[in-house]
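With my numbering applied, the sequence shown covers 5 to 66. Backbone N, C-alpha and C define an ideal beta-carbon position, used for all residues, glycine too. The model shown is predicted, which means the values in this text are computed figures rather than measured ones. Below: one structure, written as structure tokens.
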Amino acid sequence: MEDPKIQEAKETMDILHEISTILNTGLDRDTLSLCLSLCENGVNPEALAAVIKELRRESAKN
């Protein structure tokens, strides 16, 4: 039987990924997980979003 905390974390990621998909963010589960981890460790979410947008703009130029 799986640890309830692990199951809860998986359910949370499922919900976050579903929201991400509905909002058409283009973030896959791995990227979303990394973003969540960064935010949990004190990274400003707005600054993180700005960095992701800038990286996408730069990537689109090439």
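Where residue i falls: helix, strand or coil (DSSP)
{"i": "Glu58", "result": "helix"}
{"i": "Thr29", "result": "coil"}
{"i": "Thr6", "result": "First, the amino acid is wrong: residue 6 is Glu here, not Thr. The answer is coil: DSSP assigns Glu6 none of H, G, I, E or B."}
Buried or exposed (CB count within 10 angstroms, at least 16 for buried), residue i
{"i": "Cys39", "result": "buried"}
Own chain partners of residue i with C-beta closer than 7 angstroms, once the 5 adjacent residues on each side are dropped
{"i": "Val55", "result": "none"}
Other residues of its chain near residue i: CB distance less than 8 angstroms, five sequence neighbours each side excluded
{"i": "Ser37", "result": "Met17"}
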